[in-house]
Amino acid sequence: MTLSLGVLMIMTASCAVSRPVSAVAPPRLMLPPEAEARCGLARLPPQATAADLEAAYVRRGAQITACDAARQLAVDTLRDERALIDVWMECVGRQKMPANSVKNAAYRC
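For the sequence shown, the numbering used here gives the first residue as 1056, with consecutive numbering after it.
Dropping the structure here:
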């Protein structure tokens, strides 16, 4: 009985020392719709001519360029979000940012 009471007191004391968990989630950025869209590629008709081949070649080049731009947009958004989360974590760690204010995470502490 004495042992279990002692363990209970130690557990209670260790919980009292712990910092409270923040109820506020880290900042999140919205991914632009262009970054989520599927990349299409032009296809040749069943009995393609040389003109069809040339047109499809030009269309595919433009589609690949657009797809790469959308991919880069997604990568940039992810990097920006991670940078915001790093600042948010730094601010929460220093407790300089109010725990109930997510919008303050966009600014340095």
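Ideal placement from N, C-alpha and C gives every residue a C-beta, glycine not left out.
Beta-carbon contacts of A1121 that lie in its chain and below 8 Å, excluding the five residues immediately before and after: C1094
Whole alpha helix (DSSP H) elements within the region 1097 to 1141, 4-residue minimum: none
Cβ-based burial, V1113 [other Cβ within 10 Å; buried from 16]: exposed
For G1148, three-class secondary structure by DSSP: helix
Three-state secondary structure (DSSP) of P1088: helix
CB contact flag (L1096, L1108, <9 Å): no
V1142 classed as buried or exposed, judged by whether at least 16 other C-beta atoms fall within 10 angstroms: buried
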